[in-house]
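Right, one structure below, let's go through it.
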Amino acid sequence: MKFYKSLLLIVLLIVITLPRFNWKPLPEPFNSFVGQKPFDVEQYEKYVEYFRGDSELREELESPFTYRPLIPLLASFLPFDALTSINLINLLLLSTGLIFLLNLLRQLKFSEALVTIGGLLFVFSFPVFYYATSGYIDASLVGIILTANYFLVRNKFIPFIGFFILGVLIKETIIILLPVAVIYLLSKKNSKENYTKIILIIILYFLIESMVRYFAPGSDIYVWKPSSGILLSNLSRIKTYLSFILTFGLPGLLSIPILVSKMKNYIPKEISYSFIIGMIASLLLWFYSIFAAYSDGRQLWTSYPFTIVLSVYLIQLIRYQNISSKNIFSD
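According to full-length UniProt numbering, the sequence shown is numbered sequentially starting from 1.
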């Protein structure tokens, strides 16, 4: 039964991504609002062809896109055009992440009904529809974060480190997992072993990121510097606000009561502390992007591995509230 549930959710995920697969045009007037294929996606396509042996493209590759080699590298081995290959890798890793999300919810002792709700919250979401197979690589990153979360909660440090390293090679914004892992490990046990693990995670991130930047083809070192020009550009676009609202979505809204009330006290502290930190880190990532990058919902999509779990806890606590006399909502 669990297998067929996972399979059905994966099929639903794939179906939901099809309208946007390979940047397909949407019906008007939505398509004019979406715009043309972005520069980011074109860079990832060129990176795939570069890995396939087209060395002349080296001069056309630009940072920070060259700091994200893993998905273009994997896509280069597939016998399809670059964009299709990228999106197939995205679907593979996102589907894998969905399976590990379901397993994480089971590991946290939720009922199968709540596990299903968690899966549906993830699948029927704006970022899955809009970003998953549009040529960006954020879907792969979200899949890796979901998988890494599972191994973190299972206290399987070696697999966690392995997927964390893969995340660094996918996109530098895997950095939001650093505070999550730190808080989780310290909440579990304040020991010398956990301090060693924390130091190792931090060293690995900055070491691998530095090596990727050193060996990456393309232009000079890129730094996301805040600027008034970027800020004004983001603030002037309605898509900045709309993509935030749609991506924050139901999982974000359902997480707020846990964030601001004593409900968090009814959740294992290592989960509540670390997953709230993950949500906040993702929000801060989006907030920083307003000043230093093209801001849209992709930065905030990284909150889903945390807000989905918090949302399911909220639903469980509401059910508990309805069958008990305790007031778990007030401060």
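Glycine included, C-beta positions come from ideal geometry on N, C-alpha and C.
Cα-Cα separation between residue i and residue j, rounded to whole angstroms
i, j, result
"Leu8", "Pro226", "43 Å"
"Ser325", "Leu93", "Note that Ser325 has pLDDT 49, beneath the 50 cutoff, so the model's placement of it is unreliable and the number below is only indicative. Going from the Cα of Ser325 to the Cα of Leu93 covers about 43 Å."
"Leu186", "Pro79", "45 Å"
"Tyr150", "Val115", "14 Å"
"Ala148", "Leu141", "10 Å"
"Ile258", "Ile198", "26 Å"
"Ala113", "Ser233", "44 Å"
"Leu105", "Gly118", "8 Å"
"Lys46", "Ile315", "45 Å"
"Phe122", "Gly53", "37 Å"
"Lys239", "Phe126", "13 Å"
"Phe157", "Arg319", "33 Å"
"Pro64", "Ser111", "43 Å"
"Ile271", "Ser311", "12 Å"
"Tyr136", "Leu26", "17 Å"
"Ser6", "Thr84", "24 Å"
"Phe248", "Tyr241", "11 Å"
"Val48", "Ser76", "5 Å"
"Tyr205", "Tyr222", "17 Å"
"Ala82", "Leu88", "10 Å"
"Asn190", "Thr196", "11 Å"
"Arg154", "Ser274", "14 Å"
"Gly218", "Arg58", "6 Å"
"Lys2", "Glu209", "38 Å"
"Gln107", "Val309", "11 Å"
Coil, strand or helix - residue i by DSSP
i, result
"Pro27", "coil"
"Ser282", "helix"
"Gln36", "coil"
"Asn22", "coil"
"Ala139", "helix"
"Tyr4", "helix"
"Gly252", "helix"
"Ala293", "coil"
"Ser303", "coil"
"Ser125", "coil"
"Gly53", "coil"
"Ala132", "coil"
"Ile10", "helix"
Beta-carbon proximity check, residue i vs residue j, cutoff 8 Å
i, j, result
"Leu169", "Val212", "yes"
"Ser95", "Ile183", "no"
"Arg298", "Thr133", "no"
"Asp138", "Tyr130", "no"
"Ser289", "Ser295", "yes"
"Ala292", "Ile230", "yes"
"Tyr44", "Ile16", "no"
"Pro38", "Ala216", "no"
"Gly97", "Ile174", "no"
"Leu285", "Thr302", "yes"
"Tyr67", "Glu193", "no"
"Phe51", "Pro72", "yes"
"Pro305", "Gly278", "yes"
"Trp202", "Leu178", "The sequence shown places Ile at residue 202, rather than the Trp named in the question. Yes; because the gap between Cβ atoms is below 8 Å, this pair is in contact."
Residue i Cβ short of 7 Å to the ligand ATP heavy atom set
i, result
"Ser233", "In the structure on display, the ligand ATP does not appear, and there are no ligands present to speak of."
Cutoff 8 Å: residue i Cβ touching any chain B Cβ
i, result
"Glu49", "This model lacks chain B altogether, as it is built from one protein chain only."
Fully enclosed by the region 144-215, which alpha helix (DSSP H) runs are 4 residues long or longer?
-> 157-170, 177-188 and 192-215
What are the complete alpha helix (DSSP H) segments, minimum 4 residues, inside the region 62-111?
-> 70-75 and 82-107
In chain order, each alpha helix (DSSP H) run of at least 4 residues that lies wholly inside the region 216-272 | 228-235 and 238-260
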